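Notes follow the structure.
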Amino acid sequence: MCGIISAVSCKDVTAMLIDGLSRLEYRGYDSCGIAIYGKKNLRRVRSMKRVSDLSKQIIENSLYGCIGLAHTRWATHGMPSTHNAHPHFSNLDSGKPRIALVHNGIIENYDELRVKLQKSGYAFESQTDTEVLVHLINYNYDGDIFRTVQKVTKLLTGTYAIAVFCTDEPYRIIGSCKGAPLVLGIGDNENFLASDVLAISGKANEVIYLDDGDIVDIQCNNFLILDSYNVPVNRKKYPKSSFMGVVELGAYRHYMQKEIFEQPRAVADTLQEVNALSEDIFGIESIEIFRDIDSVLIIACGTSYYAGMTAKYWIESIAKIRVSVEIASEYRYRDSVVNPKSLVLVISQSGETSDTLSALKHSISLGMNYNMAICNSPTSAIVRECKLCYITRAGIEIGVASTKAFTTQLSVLFLLSITLAKNRSILSKDNEITFLKALRHLPAALSSVLDLEPLVISWANHFANKENALFLGRGMHYPIALEGALKMKEISYIHAEAYPAGELKHGPLALVTDNMPVVVVAPKDILLEKLKSNMQEVQARGGKLYVFADADSKINDDSIHLIRMPENYGMLSPILHTIPLQLLAYHTACIRGTDVDKPRNLAKSVTVE
3 MCGIISAVSC
13 KDVTAMLIDG
23 LSRLEYRGYD
33 SCGIAIYGKK
43 NLRRVRSMKR
53 VSDLSKQIIE
63 NSLYGCIGLA
73 HTRWATHGMP
83 STHNAHPHFS
93 NLDSGKPRIA
103 LVHNGIIENY
113 DELRVKLQKS
123 GYAFESQTDT
133 EVLVHLINYN
143 YDGDIFRTVQ
153 KVTKLLTGTY
163 AIAVFCTDEP
173 YRIIGSCKGA
183 PLVLGIGDNE
193 NFLASDVLAI
203 SGKANEVIYL
213 DDGDIVDIQC
223 NNFLILDSYN
233 VPVNRKKYPK
243 SSFMGVVELG
253 AYRHYMQKEI
263 FEQPRAVADT
273 LQEVNALSED
283 IFGIESIEIF
293 RDIDSVLIIA
303 CGTSYYAGMT
313 AKYWIESIAK
323 IRVSVEIASE
333 YRYRDSVVNP
343 KSLVLVISQS
353 GETSDTLSAL
363 KHSISLGMNY
373 NMAICNSPTS
383 AIVRECKLCY
393 ITRAGIEIGV
403 ASTKAFTTQL
413 SVLFLLSITL
423 AKNRSILSKD
433 NEITFLKALR
443 HLPAALSSVL
453 DLEPLVISWA
463 NHFANKENAL
473 FLGRGMHYPI
483 ALEGALKMKE
493 ISYIHAEAYP
503 AGELKHGPLA
513 LVTDNMPVVV
523 VAPKDILLEK
533 LKSNMQEVQA
543 RGGKLYVFAD
553 ADSKINDDSI
563 HLIRMPENYG
573 MLSPILHTIP
583 LQLLAYHTAC
593 IRGTDVDKPR
603 NLAKSVTVE
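So this is what it looks like as structure tokens:
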């Protein structure tokens, strides 16, 4: 989603801000901008193009100074356009800009605030809720920008992370956040505010993750943080070594391709401490919690939701615990049956996913206090909110379409399934040994599946000129078919749908023609014979089948496009079958010439509803 970086320094900040924006491009955006105060003038440049265009404008306009704000915008209020791009200004009566502001989130009461400001004489040049906020600060400015922001934030309904400065006090930047992430970076004679630690990696020596309601005043050599009760606080500092540096593309064509091939390493890192199945592998508190729960409620969005759907099969099969899986954006807007003995399991790559965080808080408000996060960010809001957590070690994922975050989530969810079974004393010693051996073998198995890439590329050439595709799976591979269809539509813009194969005759079969490729995830399991019947239904209608089968599956039909997996992976098969589906979507998108890492209309970290 939107990205913020701001800096106050004893030297020119323009290069630092542009570099930070470049690192935030992976989040997705449709416009960008930068505002600098220098030589007693506040100026800005904005663009509908990439961050590189801002660099050119900065040179052309001789923009430089020691304090500045920069932003990448993903449109919510108002269409993508230059006048809707951040930073936004509010002017003095003379027309000279005084307040500059960048904002992530949504101000829900912006309409009523806008009407009041218009009655007070403020003219609006954009359709954004952000411009309401900058004018509101200007209207309430009392000579102290910190005190003014304190007052104004109390008038807001919604979510926000802001960075703002005033030309009357050109030595300080004020930041505040509620429901959206904001990070303070501490440097040498300079300090930073950013929405993502990646933006200030290499600049800051230490970082502080601000809590909801915090307001911070940063200057060159000092900073002050007040909490939501206006009490000065000392938040935990994380040294440079604890946050991630810039990820280099290296020899790969796209970050998505790089991240697909990083999956063996990512899974190995995530499971590196799993040498034995200890009862406290999910934290010492988990022992008592796991023994007391009688069900699991999984809450997630998008790809993480499909990971949760897969986990339902594992947990119910192995641990014999009832599982329900909820889409986070729907869960808190309906009446649900509250069960205090249910483990609320939230899954999020970033740990800042707005829908998932809100759903988690909603479950807590209902009295469901057993909760756990599976997340790739140890300092995120979701992790801080949960009693238990397991941090995946996928590393930074730049591509908008998630790959290694998904497979590491699945790895942890399988580990959770067998841990729950052991804690309930229903996991036999033989099964424990078998499952742990399979987990330890997983990185090597992933590597062997990646060797199938040349075969998948040949399929991609068939898909590249299609506009529709159907994905089928059964049992615990149905969510993997859903994930495969999602990847295809996300980055190639081919309309792809996924169904449980048994549902073909209940509607989707009407779509099947010789121009509709049908991808089938067909492992050798108890459902394979049923799946073969579904495949025959497709063939009878002239459909073209593209089947991923296990090495020892008895599928022999020259009319079928067939890729055999290196071996049968049993219960871990969904993780392995994910890889060729990622490769198929990736290479199809490459052939079609789409922007693989930054697909249109999408963002990496969804921090608004």
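For the sequence shown, our numbering begins at 3 and goes up steadily by one. Heads up, the beta-carbon is just placed ideally off N, CA and C, and yes, glycines get one too. It should be emphasised that the depicted structure is a prediction, and the values quoted were computed from it without experimental measurement.
Item to check | Cβ pair count under 8 Å reaching 3, the stretch 215-224 against the stretch 269-287 | outcome: No: the two stretches stay apart, fewer than three of their Cβ pairs being nearer than 8 Å.
Item to check | Status (buried if at least 16 other CB within 10 Å, exposed otherwise) for VAL233 | outcome: Translated into the one-based positions of the sequence shown, residue 233 becomes position 231. When all chains shown are included, VAL233 counts as exposed.
Checklist entry - Since THR16 is in the alpha helix (DSSP H), which residue starts that stretch and which ends it? => result In the sequence shown, counting from the first residue as 1, residue 16 sits at position 14. It spans 16-26 - the alpha helix (DSSP H) in which THR16 sits, taken as one unbroken run.
Item to check | Whole alpha helix (DSSP H) elements within the stretch 221-267, 4-residue minimum | outcome: 257-263
Checklist entry - In this structure, what does DSSP give as the bridge partners for PHE292? => result Here residue 292 refers to the residue found at position 290 of the sequence shown. For PHE292, which the question treats as bridged, DSSP gives no partner whatsoever.
Checklist entry - Is it a yes or a no for the stretch 355-366 touching the stretch 293-312, going by three-plus beta-carbon pairs under 8 Å? => result yes
Checklist entry - In whole angstroms, what separates the C-alpha of ALA125 from that of VAL134? => result Counted from its first residue, the sequence shown places residue 125 at position 123. Counted from its first residue, the sequence shown places residue 134 at position 132. Each residue's CA atom was taken as its position, placing ALA125 and VAL134 some 10 Å apart.
Item to check | Sequence-distant residues of its chain with Cβ nearer than 7 Å to ALA462 (five each side left out) | outcome: Counting from one through the sequence shown, the residue named residue 462 turns up at place 460. Taken in chain order, the residues that qualify are LEU586, HIS589, THR590 and ILE593.
Checklist entry - Straight-line CA distance for GLY544 to LEU511? => result Within the sequence shown, numbered from 1, the residue matching residue 544 stands at position 542. Within the sequence shown, numbered from 1, the residue matching residue 511 stands at position 509. Roughly 11 Å separates the two Cα atoms.
Checklist entry - Does the beta-carbon of GLY67 have 16 or more other beta-carbons within 10 angstroms, so that it is buried, or is it exposed? => result The residue labelled residue 67 in the question sits at position 65 within the sequence shown. Buried, by the Cβ-count rule.
Item to check | Below-9 Å beta-carbon distance, TYR501 vs any chain C residue | outcome: Although the question refers to chain C, the structure presented lacks it and comprises just one protein chain.
Checklist entry - CB-CB under 7 Å to ASN603, same chain, minus the five flanking residues each way: which ones, in chain order? => result Along the sequence shown, read from residue 1 onward, the residue named residue 603 stands at position 601. Counting only Cβ-Cβ distances below 7 Å, and skipping sequence neighbours, we find nothing.
Checklist entry - Given a threshold of 16 other Cβ atoms within 10 Å of its Cβ, counted over all protein chains shown, does VAL339 qualify as buried or as exposed? => result Here residue 339 refers to the residue found at position 337 when the sequence shown is read from its first residue. Per the 10 Å Cβ criterion, exposed.
Next on the checklist: Restricting to runs no shorter than 3 residues, where is the beta strand (DSSP E) found entirely within the stretch 270-335?
Outcome noted: 297-302 and 324-329
Next on the checklist: Taking the alpha-carbon of PHE416 as reference, which of PHE284, ILE6 and LEU484 has the nearest alpha-carbon?
Outcome noted: Taking the first residue of the sequence shown as position 1, residue 416 is located at position 414. Measuring from the Cα of PHE416, the nearest candidate turns out to be PHE284.
Next on the checklist: Is it buried or exposed, GLN120, if we count other Cβ atoms within 10 angstroms and call 16 or more buried?
Outcome noted: Position 118 of the sequence shown holds residue 120. GLN120 should be labelled exposed.
Next on the checklist: Considering Cα atoms alone, identify which of VAL514, GLY310, ALA446 and ILE227 is closest to ALA542.
Outcome noted: As a working note, residue 542 is residue 540 in the sequence shown. Residue VAL514 is the option with its Cα nearest to ALA542.
Checklist entry - Can you give the Cα-Cα distance for VAL248 and ALA483, rounded to whole angstroms? => result For the purposes of this step, residue 248 is identified with residue 246 of the sequence shown, where counting begins at 1. For the purposes of this step, residue 483 is identified with residue 481 of the sequence shown, where counting begins at 1. Note that VAL248 has pLDDT 49, beneath the 50 cutoff, so the model's placement of it is unreliable and no number is given.
Next on the checklist: Just verifying my parser: in three-state terms, what is the DSSP assignment at THR161?
Outcome noted: For the purposes of this step, residue 161 is identified with residue 159 of the sequence shown, where counting begins at 1. If DSSP states are grouped into helix, strand and coil, THR161 belongs with the strands.
Item to check | Range of the contiguous alpha helix (DSSP H) that encloses MET518 | outcome: Stepping through the sequence shown from its first residue, residue 518 is reached at position 516. That residue, MET518, is in no alpha helix (DSSP H); it is neither H nor E in DSSP.
Item to check | Neighbourhood of GLY486 by C-beta, 6 Å cutoff - its chain only, sequence neighbours within 5 removed | outcome: Counted from its first residue, the sequence shown places residue 486 at position 484. Hits under 6 Å: PHE473 and LEU583.
Item to check | Sheet register partners of LEU454 (DSSP bridge) | outcome: On the sequence shown, residue 454 is found 452 positions in, with the first residue counted as 1. Answer is none; LEU454 lacks a bridge partner.
Next on the checklist: Could you give the first and the last residue of the continuous alpha helix (DSSP H) run that contains THR358?
Outcome noted: Position 356 of the sequence shown, counted from the start, is the residue given in the question as residue 358. That run of the alpha helix (DSSP H) goes 356-367.
Checklist entry - What span of residues does the alpha helix (DSSP H) with CYS179 cover, start to end? => result Reading the sequence shown from its first residue, position 177 is the one you call residue 179. Taken as a continuous stretch (DSSP letters only), CYS179 belongs to no alpha helix (DSSP H), being part of the beta strand (DSSP E) at 175-180.
Item to check | Nearest candidate by alpha-carbon position, reference ARG46, set PRO99, SER24 and MET81 | outcome: Start at 1 with the first residue of the sequence shown, and residue 46 comes out as number 44. The shortest Cα separation from ARG46 among PRO99, SER24 and MET81 belongs to PRO99.
Checklist entry - Using the beta-carbon count (16 or more within 10 Å), is GLU469 buried or exposed? => result What you label residue 469 is simply residue 467 of the sequence shown in a count that begins at 1. The residue is exposed, with fewer than 16 neighbouring Cβ atoms inside 10 Å.
Next on the checklist: Can you tell me whether SER379 is buried or exposed? The criterion is at least 16 other CB atoms within 10 Å of its CB, across all chains shown.
Outcome noted: For this step, residue 379 is matched to residue 377 along the sequence shown. Burial check for SER379: the Cβ neighbour count within 10 Å reaches 16 or more, so the residue is buried.
Next on the checklist: Measuring only the C-alpha atoms, how far is VAL451 from ARG267?
Outcome noted: Within the sequence shown, residue 451 is the residue found at index 449, counting from 1. Within the sequence shown, residue 267 is the residue found at index 265, counting from 1. When rounded, the distance between both Cα atoms is 14 Å.
Checklist entry - Going by C-alpha distance, which of ILE227, ARG48, GLU62 and THR74 is nearest GLU27? => result Position 25 of the sequence shown, counting from 1, holds the residue named residue 27. Looking at the Cα atoms, THR74 is the closest of the given residues.
Next on the checklist: Looking at the secondary structure, which residues open and close the beta strand (DSSP E) in which PHE194 lies?
Outcome noted: Your numbering for residue 194 matches position 192 in the sequence shown. 192-196 is the span of the beta strand (DSSP E), which, as asked, contains PHE194.
Checklist entry - Skipping 5 residues on each side, what residues in its chain have a beta carbon closer than 7 Å to that of ALA383? => result In the sequence shown, residue 383 corresponds to position 381, counting from 1. So the list reads PRO183, GLY353, GLU354 and LEU359, once near-sequence residues are dropped.
Checklist entry - In three-state DSSP terms, what is ASN106? => result As a working mapping, residue 106 is identified with position 104 in the sequence shown. DSSP places ASN106 in strand when its eight states are reduced to three.
Checklist entry - CB THR169 to CB ALA102, shorter than 9 Å? => result The sequence position of residue 169 within the sequence shown is 167, counting from 1. The sequence position of residue 102 within the sequence shown is 100, counting from 1. Yes. Within cutoff.
Checklist entry - Along the chain, where does the beta strand (DSSP E) that runs through MET374 open and close? => result Residue mapping note: residue 374 aligns to position 372 of the sequence shown, counting from 1. Its beta strand (DSSP E) spans residues 373-377.
Next on the checklist: Could you pull the DSSP bridge partners for THR421 from this structure?
Outcome noted: Position 419 of the sequence shown, counting from 1, holds the residue named residue 421. Answer is none; THR421 lacks a bridge partner.
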